[in-house]
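Trainee:
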Ligand code: SIN
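Numbering (the working numbering), first residue to last: 72 to 558.
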């Protein structure tokens, strides 16, 4: 890859806080280093915001909430549509920036830019479909009018694994609904979000509607905002552990909350499945985003009659992947985000092999600079292995056998999480029985990917609540008001 081009893209990216339509340094003047996960080297520094900066961002959002909420839905939709087009036009440059700060391959980053842009296109079309109801009271005396109105200033917190798309699926519906926002991207990957702020401003989003604050201490900047009664909504994507803490902080202020949290997706392969198609689906469900996704298949439960064949074929496919810097030609799998994540993955693999699992392929960290880990398939994994109950967030596929449908469903549901499950079967009766019995918010039936801006993404149990995308996504940013009319 052209290092001059990389430098240009990094130099061009905004590095300051974006508050009230202005780019500014942190009030304390401090900065925060952004690391290239493929080398561990510092790419650049960005402003390290303070609680005062965060309050200034909320002030800006509050100041324009009234006027922004009055902007015609069509105009809000047109802003999103223009932002969609700019994102598509700049996809090459945005993908390079994303790869540099997050690590995934350029092809994956481009796919994310498209995914991210599609949320804007979807919600540009939803902005004009916000409606209400009119009814006659059952006793005939009076009329009932319901209307939808913007919730108000929103606090948005996004993770590092999808630096753009996890933002656009909150920003899209918030803009469409007429809400203002304070966004805090993950401290590891703020550059894509800062570029997005530039794109939104260029698309005509009024100053103050979208504000971005970065910080090395998320709780110190977001804590005061969550407690501020002017904020009306909190939307978070990240770990269940942090989600619980945010819920506690949001409780005194009774903030409306959406939580897209951790997962532990089971991937079920029945004896009547098309095994080749199941392996292809497994590669997507497991290896998209280097396995660093809350919808990544975390554990493979395969019928005992096809478990050996499935494991061997998955091992071949995983073993053929080329690991390397995401910008390099021919690379399939980039580095993990940091050393902490890599250590965690290594410990989970060691724990499983220590308890009897067999490494069919991979199993170790890659030596040298950067946070690379070998694509790994583990066979005969016992239920006691920690990775069967812990979200792996890395390129490791544990396979275990089951003997009948009842056991498969029991194993799949034996988790505190309930985000997504994948099911491979060619039997339509079984497909319906199993998908209905699974305690999850989403199911991939004979496919390894559920993510789609036109569909409601979200989980049950400890995977959180609220839906992002689909018709449901905008409801998270709207309040219902009812008017009782005398006749
Ligand atoms: C996530 O990992 O949090 C979301 C992944 C997706 O939208 O596909």
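Yeah, the Cβ is synthetic: ideal placement off N, Cα and C, and Gly gets one too.
In this text, all values refer to a predicted model and were calculated from it rather than measured experimentally.
1) Which of the three DSSP states is assigned to residue 318 in this structure?
2) So, residue 432 versus residue 446, is the Cβ gap smaller than 8 Å?
3) Give the single residue among 139, 209, 326, 459 whose Cα lies nearest to the Cα of residue 250.
4) Looking at the structure shown, is residue 348 part of a helix, part of a strand, or coil, going by DSSP?
5) Which two residues bound the contiguous alpha helix (DSSP H) that contains residue 461?
6) Return yes when the C-beta of residue 416 is under 7 Å from any heavy atom of the ligand SIN, and no when it is not.
7) DSSP has residue 103 in a bridge; who is on the other side?
8) Of the choices 77, 236, 397, 430, whose alpha-carbon is the least far from that of residue 442?
9) Hey, residue 218 and residue 258: beta-carbon distance below 8 Å or not?
10) Name, in chain order, the residues that DSSP records as bridge partners for residue 370.
11) Is it right to say residue 559 is buried, meaning 16 or more other beta carbons lie within 10 angstroms of its own, or is it exposed?
12) Could you work out which residue in 90, 199, 242, 132 is closest to residue 548 when comparing CA atoms only?
13) Fully enclosed by the segment 434–518, which alpha helix (DSSP H) runs are 4 residues long or longer?
14) Okay, do the segment 522–538 and the segment 370–381 touch, 3+ Cβ pairs below 8 Å being the bar?
15) From the DSSP output, read off the bridge partner residues of residue 360.
16) Per DSSP, what kind of secondary structure is residue 252 in: helix, strand or coil?
17) Let me check you understand the geometry: is the CB of residue 308 closer than 7 Å to at least one non-hydrogen atom of the ligand SIN?
18) Return helix, strand or coil for residue 532, following the three-state DSSP convention.
19) Under the criterion of a Cβ to heavy atom distance below 7 Å, does residue 263 qualify as lining the ligand SIN?
20) In whole angstroms, what separates the C-alpha of residue 183 from that of residue 524?
21) Apply the 10 Å Cβ neighbour rule to residue 360 and answer buried if 16 or more other Cβ atoms are within range, or exposed otherwise.
22) Hey, could you find the ends of the beta strand (DSSP E) residue 226 is sitting in?
23) In the DSSP output, which residue or residues are listed as bridge partners for residue 542?
24) Within 10 angstroms of its Cβ, does residue 350 collect 16 or more other Cβ (buried), or is it exposed?
25) Smallest Cα separation from residue 116: which of 81, 515, 127, 528?
26) Tell me which residue opens and which closes the beta strand (DSSP E) that residue 331 is part of.
27) Mark residue 99 as exposed unless 16 or more other C-beta atoms lie within 10 angstroms of its C-beta, in which case mark it buried.
28) Across the segment 147–161 and the segment 192–208, are there enough close Cβ pairs to call them in contact, namely three or more that are closer than 8 Å?
29) Per the DSSP calculation, residue 89 is bridged to which residue(s)?
30) When DSSP labels each residue in this structure, what does residue 219 get in the three-state scheme?
31) To the nearest angstrom, report how far apart residue 449 and residue 469 are at their CA atoms.
32) Quick check on the burial criterion: 16 or more other C-beta atoms within 10 angstroms. Buried or exposed for residue 528?
33) How long is the line joining the alpha carbons of residue 272 and residue 428, rounded to whole angstroms?
34) Is the beta carbon of residue 79 within less than 7 Å of some heavy atom of the ligand SIN?
35) Within this structure, are the beta carbons of residue 279 and residue 91 separated by less than 8 Å?
36) Enumerate in chain order the residues of its own chain whose CB-to-CB distance from residue 496 is below 6 Å, with the five nearest sequence positions on each side excluded.
Mentor: Reading from the atomic positions:
1) helix
2) yes
3) 139
4) helix
5) It is not in any alpha helix (DSSP H) - residue 461 carries neither H nor E in the DSSP assignment.
6) Short note on residue 416: C-beta not closer than 7 Å to any heavy atom of the ligand SIN.
7) 117
8) 397
9) The answer is no: Cβ separation not under 8 Å.
10) 337
11) Outside the shown range of the chain, which is 72 to 558, sits residue 559, and nothing can be said about it.
12) 242
13) 476–484, 499–508
14) no
15) None, per the DSSP bridge assignment.
16) strand
17) For residue 308, the Cβ falls inside the 7 Å cut-off from some heavy atom of the ligand SIN.
18) For residue 532, the secondary structure class from DSSP, reduced to helix, strand or coil, is strand.
19) no
20) Computed Cα separation, rounded: 12 Å.
21) When all chains shown are included, residue 360 counts as buried.
22) 225–228
23) Answer by DSSP bridge pairing: none, since residue 542 is not bridged.
24) Per the 10 Å Cβ criterion, buried.
25) 81
26) 327–331
27) exposed
28) Yes: at least three Cβ pairs fall under 8 Å.
29) For residue 89, the beta-bridge partners assigned by DSSP are 94, 283.
30) strand
31) 5 Å
32) buried
33) 52 Å
34) no
35) Yes, they are a contact pair.
36) 341, 343, 344, 502
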